[in-house]
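Numbering (our numbering), first residue to last: 22 to 802. See below for the structure under consideration.
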């Protein structure tokens, strides 16, 4: 009976999953499957690099360093996990590392509603305007990522995150090797992409002593359109001292990132100007001309209004502020927002930690680590909306960031018979200073008097500046009961996050105090093993998202009146999951269904173009409901050839309208699909690897996505194909070629870069990178 049932389920999963292909996915099987794993190794099916969550009581997958290594050198780990079911990642650059465009969503939850950690240390919500963390592309060099675990709905109770409403992505670094070794890699590619990576592993410095790894990465690439650069320097250092079966460790990671931005587009602009339209850089004189025309238009509008209302005496001649410049834009240009001179993002980060992971005996273990993160950042825009007194009709507008955060993460587990009990806590103190400033530009010809890739000094004005302090305390309790075929886990976490905003220069923005608190957020899971190869799982999770301490996002990113009137309730979610996994010598797969009840969804309505920096209009849209199915599977045709596919269907919609205090409907969002939540995601890969020659080709389909709350503006679906091929001379030396967007598809990648509007088209889209080629040479000593 059980055998017939499991074969039927396995066939159903296989029918859904085997649509394309990937590297051999097998992974860390549960103890009961150890014998079959050994047999697979003997037959040549071992060394699998992707795990489909075998043994977990929730929907979770994992990819390893070997899978990331098949991608372009320097790729963001977020792009590497895009093939997993339910994961939607978009970026305007081929590596997925350009932060203004980097966006990931899972099951309709946006990036700032997910949780991210590195070796247990919180990365915050990884938003561009980083207020409580840093992006993974800055936190660690991609070659030093050992594995990535994705929990689409029920993240681990122990995850150090105050934003994981809709899932958790946990990154784990490579440990220092036990043997002395040097790894180097050099990459050259399209648009002058150059990258160098080097890693030294000391091995055991003395027998039983510490092991050290030291890595450096340098990257420099031109933008694929327009003028500008994407540059980064990174250093990672990690030391481990074994202590019995445990270890004491410490690490320091540094990143210096400088990247020029691409011009945000609208659908109308793409139709009029094309996908390759970009900022004016290096045509400074043309940017000055457009800004001068705009300022003359403003002056003419003010003059006409003054004549009409009598504040300017009749007959007063009009005097243009920029004499000799007309008031009509050149051909193709319709508004001053069509293009700016330039824009960029600058980030410097230090991330450091020290800790221990020690089992005291067979029954009791403890983990403890403290961490520090310091960040200095700028987001620059050459804005034609503000002129330099006595200078150019343009200034540099910045959003400036300074983070100093300290924290501690601790947990301890005790095994008592069939029960394993774990308790843990996370505490963080985050001081965040944020400011909006303007820097003057001389009225020069040929080039601006300030560059875009250096931190500007001596501002001419500060529009607003705030000191934010965020105190976070989280604890969790979990019990796992293993009854053989049946495993149960249950527990809860408590979370309190207090935010304080203190104005230095208010600029009309909100200040005050908020608190999100819930001391009982339960989670429960069930795993039932039908036999060694097949299992059912189910989970139930409650989560809460804390408020954001920022002047560019969250409840403080509005006026004081708007803040005082806002119905401030923290966003919460309740997630139900049910699924089945199967694993055999040649096939493994998973299929899962989920339902999410999301309450008190706060949405921000864009107010003008992003460069104007107008306060967002925040509203509580009430409930959101999501449901869907996810399936993934791999078929190892031979030890060399593997096929993989994943498919996800998601239906996320707002359940309520936006209403004012009187109950009048302001925006009729009820029944509308959540912005940036595609209903269909399908991915597939074919991989060949005979130890010397290796190749992979993969296709990724994303369906239509809305970028207005009323669903009257959308971007169409698309298929992107990536490929790689390489040859290993031996275990230490290899050459690899990669192609991204192999068939040169023109498409919109990221949406919502400047937020989402109520209705209609808006300048909040970025074009995806065209066909790109890369070659990497790797060597080890």
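Here a beta-carbon is modelled for each residue, glycine too, at the ideal position from N, C-alpha and C.
Going by other Cβ atoms of all chains shown within 10 Å of its Cβ, with 16 needed for buried, is residue i buried or exposed?
i	result
residue 98	buried
residue 121	buried
residue 16	Any property of residue 16 remains undetermined from this structure, which presents the chain solely from 22 to 802.
residue 314	buried
residue 353	exposed
residue 665	buried
residue 642	buried
residue 784	buried
residue 197	buried
residue 226	exposed
residue 50	With a pLDDT of 33 at residue 50, under the threshold of 50, the modelled position of this residue cannot be trusted; read the value that follows with caution. Buried is the call here.
residue 181	buried
residue 228	exposed
residue 585	exposed
What residues in its chain sit with their C-beta under 8 Å from that of residue i, if we drop five residues either side in the sequence?
i	result
residue 356	350
residue 607	66, 656, 657, 658
residue 779	626, 688, 729, 730, 731
Quickly, what does DSSP pair residue i with across the bridge? List them, please.
i	result
residue 760	744, 794
residue 143	138
residue 547	509, 559
residue 565	593
residue 175	Paired residues: none, contrary to the question.
residue 524	487
residue 539	516
residue 263	268
residue 772	786
residue 602	556, 611
residue 315	Answer is none; residue 315 lacks a bridge partner.
residue 240	216, 253
residue 413	Looking at the DSSP assignment, residue 413 forms no beta bridge with any residue, so it has no partner.
residue 193	168
residue 300	Looking at the DSSP assignment, residue 300 forms no beta bridge with any residue, so it has no partner.
residue 204	220, 801
residue 703	668, 722
residue 225	232
residue 530	580
Can you list, in chain order, the residues of its chain with a C-beta nearer than 6 Å to that of residue i? Leave out the 5 residues immediately preceding and following it.
i	result
residue 146	133, 184
residue 754	800
residue 124	111, 132, 771
residue 709	661, 662, 716
residue 493	183, 449, 518
residue 288	782
residue 719	706, 743
residue 786	286, 769, 772
residue 802	203
residue 632	402, 404
residue 508	548
residue 487	455, 522, 524, 572
residue 158	97, 118
residue 106	651, 653, 667, 669
residue 115	761, 790, 793
So, for residue i: in the same chain, excluding its five sequence neighbours on each side, which residues have a beta-carbon less than 7 Å away from its beta-carbon?
i	result
residue 678	686, 688, 689, 690, 691
residue 739	723, 766, 768
Should residue i be listed as close to the ligand MG, given that the test is whether its C-beta is under 7 Å from any heavy atom?
i	result
residue 455	In terms of ligand content, the structure shown is empty, and the ligand MG therefore cannot be addressed.
- Query: Counting only runs that start and end within the segment 619 to 693, where is the beta strand (DSSP E) found for 3 or more residues in a row?
  - Reply: 623 to 626, 638 to 641, 645 to 657, 662 to 675, 686 to 688
- Return the chain-ordered ranges of every beta strand (DSSP E) run that is complete within the segment 344 to 399 and spans a minimum of 3 residues. 364 to 380
- Task: Say whether the segment 258 to 274 touches the segment 205 to 218, bearing in mind that this needs 3 or more beta-carbon pairs closer than 8 Å, one atom from each stretch.
- Result: no
- Message: Under 8 Å, with one C-beta from each stretch per pair, do the segment 331 to 344 and the segment 231 to 251 reach the 3-pair mark?
- Response: no
- Item | Any beta strand (DSSP E) of 3 or more consecutive residues that is wholly inside the segment 420 to 506 | 440 to 460, 482 to 503
- Can at least three beta-carbon pairs, one atom from the segment 529 to 548 and one from the segment 572 to 583, be found at a separation below 8 Å? yes
- Message: I want to know whether the segment 757 to 775 touches the segment 162 to 176 - three or more CB-CB distances under 8 Å.
- Response: no
- Query: Enumerated in chain order, which unbroken segments of the alpha helix (DSSP H) with a length of 4 residues or greater are wholly contained in the segment 74 to 155?
  - Reply: 86 to 90, 98 to 101
- Message: Three or more C-beta pairs under 8 Å: does that hold for the segment 381 to 390 against the segment 290 to 305?
- Response: no
- Message: Is it the case that the segment 411 to 419 contacts the segment 453 to 463, given that we only count it when at least three CB pairs across the two stretches are under 8 Å?
- Response: yes
- Query: Counting Cβ pairs closer than 8 Å, one from the segment 693 to 700 and one from the segment 729 to 736, do we hit at least three?
  - Reply: yes
- Item | contact_flag[the segment 252 to 261, the segment 341 to 348] where n(CB pairs < 8 Å) is 3 or more | no
- Query: Quick check: the segment 592 to 603 against the segment 314 to 324, are there 3 or more CB pairs under 8 Å?
  - Reply: no
- Query: Does the segment 561 to 575 come close enough to the segment 148 to 161 to have 3 or more Cβ pairs within less than 8 Å?
  - Reply: yes
- Message: Contact between the segment 170 to 178 and the segment 372 to 381 is defined here as three or more beta-carbon pairs at a separation below 8 Å; is this criterion met?
- Response: no
- Can we say the segment 500 to 507 touches the segment 430 to 450, given the rule of at least three CB pairs closer than 8 Å? yes
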